[in-house]
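See structure below.
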Amino acid sequence: MLLKAKNIVKQYGDFYALNNANVAVPKNSIYGLLGPNGAGKTSLMRIINQITAPDSGEIIFDNEKLQRNHIKDIGYLPEERGLYKKMNVMEQCLYLAQLKDMSYNKAKDRLMFWFDKLNIKNLFNKKVEELSKGMAQKIQFITAIIHEPKLLIFDEPFSGFDPINASVIKNEILELHKNGTTIIFSTHRMESVEEICTHIGLINNSKTILEGKIDDIKTTFYDNSYEIVCEDHEKLKSTFSYKSKKHEKNKHIVSINKDIDYKKFMQDIISKNKIVSFQKKNPTIEGIFIKAVQNG
Amino acid sequence: MDKIWLIIKREYLIRIRKKSFIVMTLLGPLLMLLVMFLPIYLTNQTQTERTIAISEQDFDLFSKLENTDYINFVVIPNSIFSDLKIKFDNELYYALLEKKEDEIILSSSKQVSLSVSNEIKSQIEKKVEQEKLIKLGIDISLLENAKTNVIISNQIISKDGTGQKSKTELSMAIGFISGLLIYIFIFMYGTMVMRSIIEEKTNRIVEVIISSVKPFKLMMGKIIGVSLIGLTQFILWICLTSLLFFVSQAYFVNITEVESTQEIEMQSMILEGLMYLNNINLVEILLAFLFYFLGGYLMYGSLFAAVGSAVDAEADSQQFILPVTVPLILSFILIQPIMENPDSSLAFWMSIFPLTSPIIMMVRIPFGVSDWELLVSILVLVGSFILSTKIAAKIYRTGILMYGKKINYKELWKWLRYKG
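Heads up: the sequence lines are chains A and B, in that order. Count along the first sequence from 1, add 15, and you get the number used in our numbering. Count along the second sequence from 1, add 14, and you get the number used in our numbering.
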């Protein structure tokens with residue numbers, strides 16, 4: 016585990032932002048930190064970044080208790096983010112990199128590299144107020160990753176990007192992951208969680224209610240559902256002894272009992288109907304999210 | 015390099031390159047110069063010779079007037095006088111003087127200068143008084159002899175028993191100027207700190223920065239960076255002003271050549287002042303000024319920082335700014351009464367109370383303050399700015415992450431009790 020948060024409690028007056036939250040982020044994972052608005056995700060991310068301290072509980076980072084010198088090992092792109100509007104882009108990036116303990120020269124080298132990579136070299140000498148929102152977002156992305164941290168924390172990294180630039184950023188995140196960086200990633204866009212996360216943790220009402228590998232969670236939440244698409248909807252209905260969970264046009268989603276043999280079920284349907292497709296229906300993260308939040 | 019230095023460096027460099035800083039730095043000395051030389055220039059203006067015409071029929075009036083350095087009185091025929099009254103020629107005469115029953119009328123094509131009409135008034139009054147005295151049979155020479163002029167020279171008895179001459183006017187000037195400077199400095203740079211914090215908050219860059227440095231360091235770096243800007247500006251002001259002063263003084267002396275009596279008087283006054291300046295402990299005043307200047311700014315700066323962190327826009331800051339600035343404005347208003355009575359108990363307590371001491375103590379010091387009072391005041395101020403930065407830091411670290419919420423005093427009180 017690269018990061019372990021144990022029994023984190025953070026209280027603001029009478030309000031519990033986090034109440035015994037537990038999170039374990041494995042090394043080199045892309046960890047999706049999910050939860051409804053106000054669940055405590057940002058509070059947890061701020062605690063990991065040592066912006067605020069927890070009232071109780073502890074954070075273990077890379078087998079050590081989290082402390083000030085870990086700041087250079089963590090990169091953070093907050094949801095509420097911005098830049099100094101009147102400051103020159105290059106100067107600003109150098110300043111932020113130096114605040115992360117990078118030397119001036121190294122910061123300059125890495126900035127050259129990243130500005131080149133994201134194709135924004137022409138922005139070096141501009142002031143931030145002259146940039147479009149998307150450009151400014153790219154620069155914020157660079158300042159978050161410039162010091163090559165072990166752990167990167169992204170809070171809604173794609174907000175403010177058009178689809179093309181969002182995919183540029185997504186690919187960069189995947190590449191960072193490939194090169195060994197661990198990533199904590201918070202978003203409300205479930206399809207991007209599905210696409211890039213290896214692990215998820217779900218926070219609701221200040222507590223962690225679900226955590227683990229995405230595949231494992233999907234298996235746990237698998238409710239023996241199958242998706243059947245047939246040519247003749249009416250015929251299927253008449254020959255069908257299984258209860259359809261929902262159907263639209265010729266597409267049926269059927270959930271069967273665990274003790275029913277899957278092969279027999281398949282043969283049963285195929286023999287009586289003209290089937291276009293038949294497949295196992297995995298639960299979506301969105302479905303899991305809604306179910307877990309409603310139950311917990 | 016400690017990160018606080020990075021922050022101080024940024025805050026300093028970003029401001030020193032600003033156009034407004036450069037403009038203010040250049041404009042300050044020019045304004046100072048204007049204040050210093052405008053009176054001299056204006057008195058020089060009045061030195062031009064002026065001729066005032068009186069008609070024959072008012073010869074009685076003419077006989078009461080004597081020519082001065084810059085006013086000449088001439089008598090002209092009645093007909094010319096009445097012609098001039100219709101069509102005034104300001105090439106020839108500055109004004110016309112006549113007597114109508116009990117009234118004396120001074121007429122001209124433009125507003126007659128106050129110094130001219132005052133001169134005429136006092137000359138006539140003196141003459142009429144003398145005439146009345148003579149009528150009453152009083153010897154004027156006796157009266158002249160009876161006039162006395164008392165000069166009071168103030169002395170302060172210092173501890174080693176030597177009497178030192180003191181000059182109240184000079185003490186007042188030094189006290190007033192240093193109090194005023196501290197007041198301006200705290201206000202200008204305190205609000206600068208506040209604005210910069212509001213900017214960081216509305217820009218949303220603050221969360222990125224405090225993921226790298228502790229909020230306390232960010233706040234202190236900002237306060238210190240801005241104070242260095244203030245010091246730089248003041249040092250530049252002093253250098254530029256003295257430079258300009260000497261250059262323009264040489265220039266002024268050259269063009270006027272013949273120094274008027276007033277100018278000589280002024281110069282001797284300055285010389286005299288410089289002499290007394292030696293008797294006042296200049297080093298003590300300078301050190302005290304630096305201390306109260308920085309101490310007062312650090313304390314108010316942290317309070318302004320706390321206010322900045324609690325609001326989303328400058329417009330919302332009013333309710334919190336008011337209690338911070340009231341003691342500041344109050345001490346500014348009380349400078350005058352305290353100068354008149356620098357040892358009153360009001361003056362004493364206000365020079366101990368940390369929110370008013372930076373200004374009030376500076377006003378009192380040139381008049382002489384006992385060592386223990388100074389020490390108590392310094393200790394209280396040091397203690398207070400440590401306390402105020404601590405309180406401000408607590409409000410600051412919660413406030414900067416609080417967006418879009420209307421904050422009241424109850425809320426601030428809650429923030430003070432949150433754990434780090």
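Cβ coordinates follow ideal geometry from the N, Cα and C atoms, glycine included.
Skipping 5 residues on each side, what residues in its chain have a beta carbon closer than 6 Å to that of Glu213/B? none
Would you kindly report the start and end of the unbroken alpha helix (DSSP H) that includes Ala112/A? 104 to 114
Does the Cβ of Pro380/B have 16 or more other Cβ atoms within 10 Å, making it buried, or fewer, making it exposed? buried
Give me, in chain order, the residues of the same chain whose beta-carbon lies closer than 6 Å to that of Glu221/B; leave out the 5 immediate sequence neighbours on both sides. none
Could you name the residues of the same chain whose beta carbon sits closer than 8 Å to that of Met38/B, not counting the 5 residues immediately before and after it, in chain order? Gln247
Length at least 3, wholly inside the region 82 to 147 of chain B: the beta strand (DSSP E) runs in chain order: 85 to 90, 109 to 114, 117 to 121
Between the beta-carbon of Leu258/B and the beta-carbon of Pro43/B, is there less than 8 Å? yes
With a cut-off of 8 Å, does the C-beta of Gly28/A fall near any C-beta of chain B? yes
Report yes or no: is there a C-beta of chain A within less than 8 Å of the C-beta of Arg24/B? yes
Looking at the C-beta of Leu20/B, does it have a partner C-beta in chain A at a distance below 8 Å? yes
Within 8 Å, strictly: CB atoms of Val244/A and Val291/A: yes
Please state if the CB of Leu98/A and the CB of Ile154/A are separated by a distance shorter than 8 Å. yes
Who are the near neighbours of Met171/A in its chain, counting only those whose CB is closer than 6 Å to its CB and skipping five residues on each side? Residue 171/A is actually Glu in this sequence, not Met. Correct list, in chain order: Glu94, Thr202.
Output yes or no for whether 8 Å exceeds the beta carbon distance between Ala20/A and Ala36/A. yes
Quick one: what's got a C-beta closer than 6 Å to Phe293/A's C-beta in the same chain, skipping five residues either side? Ile243
Since Lys5/B meets chain A, which of its residues come closer than 9 Å, beta carbon to beta carbon? Past the boundaries of the shown model lies residue 5/B; chain B is included only from 15 to 434, so the question cannot be answered.
Cutting at 6 Å between CB atoms, please list the residues of its own chain near His248/A, excluding the five before and the five after it. Asn265
Which residue's Cα is closest to the Cα of Glu209/A: Ile285/A, Lys287/A, Lys132/A, Gly302/A? Gly302/A
Along chain B, in chain order, which residues have C-beta atoms closer than 7 Å to that of Asn64/A? Ser225
Glu105/B burial status per 10 Å Cβ neighbour count (16 or more: buried): exposed
For Asp88/A, collect the residues of the same chain with a Cβ closer than 6 Å to its Cβ; drop the 5 residues on either side in sequence, then sort them by chain order. Pro164, Lys165
Report yes or no: do three or more beta-carbon pairs, one from the region 188 to 196 of chain B and one from the region 370 to 388 of chain B, lie closer than 8 Å? yes
Flag Arg218/B as yes if its beta-carbon sits less than 8 Å from any beta-carbon of chain A, otherwise no. yes
Mind listing, in chain order, the continuous alpha helix (DSSP H) runs of no fewer than 4 residues lying wholly within the region 139 to 207 of chain A? 148 to 160, 178 to 193
Terminal residues of the continuous beta strand (DSSP E) containing Phe293/A? 290 to 295
Among Phe30/A, Ile300/A, Ile161/A, nearest to Trp129/A - alpha-carbon criterion: Ile161/A
Report yes or no: is there a C-beta of chain B within less than 8 Å of the C-beta of Glu249/A? no
Test item: CB-CB of Arg204/A and Phe173/A under 8 Å: yes
Helix or strand or just coil, what does DSSP make of Gly382/B? coil
Report the option in Ile199/A, Asp116/A, Lys101/A whose CA atom is closest to the CA atom of Ile141/A. In the sequence on display, residue 141/A carries Lys and not Ile. Among Ile199/A, Asp116/A, Lys101/A, the Cα nearest to that of Lys141/A is on Lys101/A.
Confirm, please, whether the CB-CB distance from Tyr110/A to Arg24/B is below 8 Å. yes
C-beta neighbour in chain B for Met102/A, strict 8 Å: yes
Identify, in the order they occur along the chain, each residue of the same chain with its Cβ nearer than 8 Å to the Cβ of Gly309/B, setting aside the five sequence neighbours on each side. Pro372, Ile392, Leu395, Val396, Phe399
DSSP state of Tyr46/A, grouped into three classes? strand
Beta-carbon proximity list for Phe436/B, same chain, < 7 Å, skipping 5 on both sides: The structure shown does not extend to residue 436/B, since chain B is modelled only from 15 to 434, so the question has no answer here.
Beta-carbon proximity list for Ala54/A, same chain, < 8 Å, skipping 5 on both sides: Ile218, Asn219, Asn220, Ser221
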